[in-house]
Amino acid sequence: MTDKTHDFTQWLDGKLPPAQAARFEADPEALAEREAWNQLRPTLVAGLAPPPLLHPDFINTKVLEAIERDRKPSRPAGNSLLRRLVFAGLASISTAAVITLIFLPDSFRRPSESEFISQVISARAGNPKVSVSSFHTQDDRGVVIWIEGTKPIPASELVR
Amino acid sequence: MGDDSSEAAEAGLLRRSRDGDTVAFGELITLHREKIYMQIYMIVRNEEDAMDLSQETFLRAWKSLPKFDGKFSLLTWLRRIATNAAIDLCRTRQRRPQVEIDGGPIHADAASRTTPTAFERPGDGIDRADLKARLEAAFDMLSPEHRAAISLKEFDGLSYQEIAKATDSSLGTVMSRLHYARKKLQSLLADLRNDR
């Protein structure tokens, strides 16, 4: 872009001081171009006029709606912070509980049934006059074998 | 904005808007919406886009109000936001429109769909609708920056300095854009002149 082009633009718009404009006024090519533009310009302006803004208030409505939308989340900032803190606290407690359950030593857990001293799967007697039943007591952590219809167990059997 | 009282009124609305008063900002929108819409339309050449970008312009202005230093008038500042938004949209559109024909991509733009491959010969005669279509097609062939410069000069009657501020360009760039835009329009529409 040269100064000549700048000057030409200004001359075309009638903004160039007369002293500088003289060289264009004496140039037939420049004069022809000015004439061409002066003919085309009104046609362009008339033919390209933008359509009228049919619903101007629509712009206001939409912009103000958007502003209100943007404002809403920032209003309850305090509540939002509190909610986040509560959520973070609960999440921490849950995580700690899970970790504790996973890594808690077995000795701290509630004993299961298999840890009793003995477990009776079935109890029956060969003699029909003798009945045998068993039950375990969770409170005492023991198993009771209840025998009816027999003499005292021989000393040799007590060990078994 | 013409006289001192309207300038003072605008300054008052601006102050209240900066304090978060949306009613005052609504009045500022009312003052400038038409000019902003027209300016955007001349760049994007589509009513729907012009409407959307007008809203975007005012919304961006609202968000940037604390940064507005009053170096330019409010309208000039709004024009700058509008020009940037409109040119951005045109650039995005230029990258997008591609149609696949016979497996090969064909680049298309709005102007190429409407511009006649050859102008009518002088004396062919041209009706009003055709003339409008011809003018629009030629105008669409300008770059968005050139459309912005020409429309601010010829339709809004802005000075070079005002156009420079509104488009965030130097004075030389404005004159250069005007020069080349006019040259291109004249060459595209040369037969219209012969026709008359």
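Line by line, the protein sequences are chains E and S.
Here the first sequence is numbered in the working numbering, starting from 16 and rising by one per residue.
Here the second sequence is numbered in the working numbering, starting from 9 and rising by one per residue.
Glycine is no exception: its CB is placed at the ideal position from the N, C-alpha and C atoms.
**Asked** Alpha carbon to alpha carbon, what distance is there between Ala-19 of chain S and Ala-41 of chain E?
**Response** One-based indexing of the first sequence puts residue 41 of chain E at position 26. One-based indexing of the second sequence puts residue 19 of chain S at position 11. Between Ala-41 of chain E and Ala-19 of chain S, the C-alpha separation is close to 49 angstroms.
**Asked** Taking the alpha-carbon positions, what's the Phe-66 of chain S to Ile-89 of chain S distance?
**Response** Within the second sequence, the letter at position 58 stands for residue 66 of chain S. Within the second sequence, the letter at position 81 stands for residue 89 of chain S. Near 9 angstroms, if we compare the C-alpha coordinates of Ile-89 of chain S and Phe-66 of chain S.
**Asked** Nearest to Arg-155 of chain S by CA position, among S:Leu-197, S:Cys-98, S:Arg-136 and S:Ser-25, is which residue?
**Response** Here the question's residue 155 of chain S lines up with position 147 in the second sequence. Out of S:Leu-197, S:Cys-98, S:Arg-136 and S:Ser-25, S:Cys-98 has the C-alpha closest to the C-alpha of Arg-155 of chain S.
**Request:** Mark Glu-15 of chain S as exposed unless 16 or more other C-beta atoms lie within 10 angstroms of its C-beta, in which case mark it buried.
**Result:** As a first step, residue 15 of chain S must be located in the second sequence, where it is residue number 7. Label assigned to Glu-15 of chain S: exposed.
**Asked** Around the C-beta of Ile-109 of chain S, are 16 or more other C-beta atoms found within 10 angstroms, so that it is buried, or is it exposed?
**Response** Position 101 of the second sequence, counted from the start, is the residue given in the question as residue 109 of chain S. Here the model assigns Ile-109 of chain S a pLDDT of 38, short of 50, so the residue's position is not dependable, and the following value carries that caveat. Label assigned to Ile-109 of chain S: exposed.
**Prompt:** Taking Cβ positions, are Ala-146 of chain S and Leu-193 of chain S nearer each other than 8 angstroms?
**Reply:** Position 138 of the second sequence, counting from 1, holds the residue named residue 146 of chain S. Position 185 of the second sequence, counting from 1, holds the residue named residue 193 of chain S. Closer than 8 angstroms, so yes.
**Prompt:** Helix, strand or coil: which one does DSSP assign to Phe-80 of chain S?
**Reply:** Here residue 80 of chain S is taken as the residue at index 72 of the second sequence, counted from 1. In the structure shown, Phe-80 of chain S sits in coil (DSSP, three-state: anything other than H, G, I, E or B).
**Request:** Assess, as a yes-or-no matter, whether the region 175-188 of chain S is touched by the region 74-86 of chain E under the definition of 3 or more beta carbon pairs within less than 8 angstroms.
**Result:** no
**Message:** Does Val-101 of chain E come out as helix, strand or coil in the three-state DSSP assignment?
**Reply:** Within the first sequence, numbered from 1, the residue matching residue 101 of chain E stands at position 86. Three-state result, Val-101 of chain E: helix.
**Item:** Close-in-space but distant-in-sequence residues of the same chain around Met-59 of chain S (CB under 8 angstroms, 5 per side omitted)
**Value:** Looking up residue 59 of chain S in the second sequence gives position 51. Here the set comprises Tyr-45.
**Item:** Contacts around Tyr-49 of chain S, its chain only, beta-carbon distance under 6 angstroms, and the 5 residues preceding and following it disregarded
**Value:** As a first step, residue 49 of chain S must be located in the second sequence, where it is residue number 41. Excluding sequence neighbours, Tyr-49 of chain S sits near Ala-58.
**Asked** Rounded to a whole number of angstroms, what is the C-alpha to C-alpha distance between Lys-166 of chain E and Gly-141 of chain E?
**Response** If you number the first sequence from 1, residue 166 of chain E lands on position 151. If you number the first sequence from 1, residue 141 of chain E lands on position 126. Approximately 14 angstroms between the Cα atoms of the pair.
**Asked** Which value, in whole angstroms, describes the spacing of the CA atoms of Thr-123 of chain S and Ala-137 of chain S?
**Response** The sequence position of residue 123 of chain S within the second sequence is 115, counting from 1. The sequence position of residue 137 of chain S within the second sequence is 129, counting from 1. Below a pLDDT of 50, predicted positions are generally treated as unreliable, and Thr-123 of chain S, at 40, falls in that range; no measurement from the model is reported.
**Request:** Taking only beta-carbon positions, decide if Gln-35 of chain E is within less than 8 angstroms of chain S.
**Result:** The residue you call residue 35 of chain E lines up with position 20 of the first sequence. No, its Cβ sits nowhere closer than 8 angstroms to a Cβ of chain S.
**Message:** By DSSP's criteria, Glu-163 of chain E is part of a beta bridge. Which residues make up the other side?
**Reply:** Against the first sequence, residue 163 of chain E aligns to sequence position 148. Answer is E:Ser-146, bridged to Glu-163 of chain E.
**Asked** Which residue from S:Asp-164, S:His-187, S:Leu-186 and S:Ser-195 puts its Cα closest to that of Val-60 of chain E?
**Response** Translated into the one-based positions of the first sequence, residue 60 of chain E becomes position 45. Comparing Cα-Cα distances from Val-60 of chain E to each of S:Asp-164, S:His-187, S:Leu-186 and S:Ser-195, the minimum goes to S:Asp-164.
**Item:** C-beta atoms of Leu-83 of chain S and Leu-22 of chain S nearer than 8 angstroms
**Value:** The residue given as residue 83 of chain S occupies position 75 in the second sequence. The residue given as residue 22 of chain S occupies position 14 in the second sequence. Not closer than 8 angstroms, so no.
**Asked** Can you tell me whether DSSP reads Val-158 of chain E as helix, strand or coil?
**Response** Within the first sequence, the letter at position 143 stands for residue 158 of chain E. DSSP places Val-158 of chain E in strand when its eight states are reduced to three.
**Message:** For a contact defined as C-beta to C-beta under 7 angstroms, what are the partners of Phe-147 of chain S on chain E?
**Reply:** Residue mapping note: residue 147 of chain S aligns to position 139 of the second sequence, counting from 1. The contacting residues are Leu-63.
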